[in-house]
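Residue numbers (the working numbering): 101 to 289.
A short write-up of the structure that comes next.
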Ligand SMILES: Cc1cc2nc3c(=O)[nH]c(=O)nc-3n(C[C@H](O)[C@H](O)[C@H](O)COP(=O)(O)O)c2cc1C
């Protein structure tokens with residue numbers, strides 16, 4: 101069995117503002133995505149796909165996000181607006197994980213959503229194993245149809261996560277994790 105030099109327990113999110121170049125090159129990204137799709141997928145529906153946001157697309161989407169938050173949240177502070185404008189500008193590689201659900205299938209949609217969530221988690225782990233920092237983000241950009249259309253989603257698709265991937269420009273601080281013993285009970289025999 102292959103042993104990992106980076107155990108999963110060492111994974112930690114790096115805030116996207118602490119990510120920069122270099123990110124994975126195209127071949128490296130495809131390797132990460134190959135790991136990402138090794139998920140349980142009830143019915144083999146493959147109800148997910150990826151959209152890569154890189155280069156100038158990041159600033160374009162940031163501007164649209166800024167405009168949409170300005171329109172939809174008139175009380176948004178200048179700090180919030182600036183955060184939205186720059187959100188996509190730090191990591192060199194952002195993968196939008198898209199749910200393209202199979203409607204009316206006997207596999208309930210919640211299971212398809214869970215499978216797409218597993219893709220996101222696998223992608224975080226794959227990035228970690230490859231030595232990159234990464235963060236799973238959603239926020240306004242994940243739910244506004246105008247922003248989603250600008251990213252490339254169709255009206256019947258949902259955004260499960262933007263996975264920001266890059267080199268760490270600052271080391272993230274570890275935070276307290278739940279104690280599994282406190283979470284575990286044993287079902288009566
Ligand atoms: C579905 C999902 C959406 C998230 N969206 C955001 C977000 O929009 N903004 C944010 O600050 N953190 C968000 N997070 C949390 C971060 O991805 C991350 O969990 C957090 O930075 C803590 O880091 P950790 O992964 O080391 O626990 C989200 C997490 C999940 C699972």
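In this text, a Cβ means the ideal position worked out from N, Cα and C, and glycines have one as well.
Just so we're clear, the structure is a prediction, and the values are computed from it rather than from any experiment.
Residue i bridges to which residues according to DSSP?
i	result
residue 233	266
residue 258	199
residue 120	267
residue 164	DSSP lists no partner for residue 164.
residue 193	265
Does the distance from the C-beta atom of residue i to that of residue j stay below 8 angstroms?
i	j	result
residue 264	residue 194	yes
residue 224	residue 212	no
residue 260	residue 197	yes
residue 294	residue 271	For residue 294 there is no data in the structure shown, the boundaries of the chain being 101 and 289.
residue 250	residue 161	yes
residue 144	residue 166	no
residue 216	residue 114	no
residue 230	residue 128	yes
residue 116	residue 187	yes
residue 106	residue 228	yes
residue 112	residue 274	yes
residue 110	residue 159	no
residue 238	residue 262	yes
residue 148	residue 219	yes
residue 172	residue 244	yes
residue 226	residue 136	yes
residue 142	residue 207	yes
Are there any heavy atoms of ligand 2 lying less than 7 angstroms away from the beta-carbon of residue i, as far as the coordinates show?
i	result
residue 236	Ligands in the displayed structure: ligand 1; ligand 2 is not one of them.
How far does the alpha helix (DSSP H) with residue i in it extend, from its first residue to its last?
i	result
residue 173	Note, residue 173: premise wrong, no alpha helix (DSSP H); not H, not E.
residue 282	280-283
residue 132	126-136
Just curious, the beta strand (DSSP E) that residue i is in, first and last residue?
i	result
residue 152	148-153
When you compare the CB of residue i with every CB in chain E, is at least one pair closer than 8 angstroms?
i	result
residue 238	The question asks about chain E, but that chain is absent: this structure has only one protein chain.
Entirely enclosed beta strand (DSSP E) segments - the stretch 205-249, minimum 3 residues:
233-237
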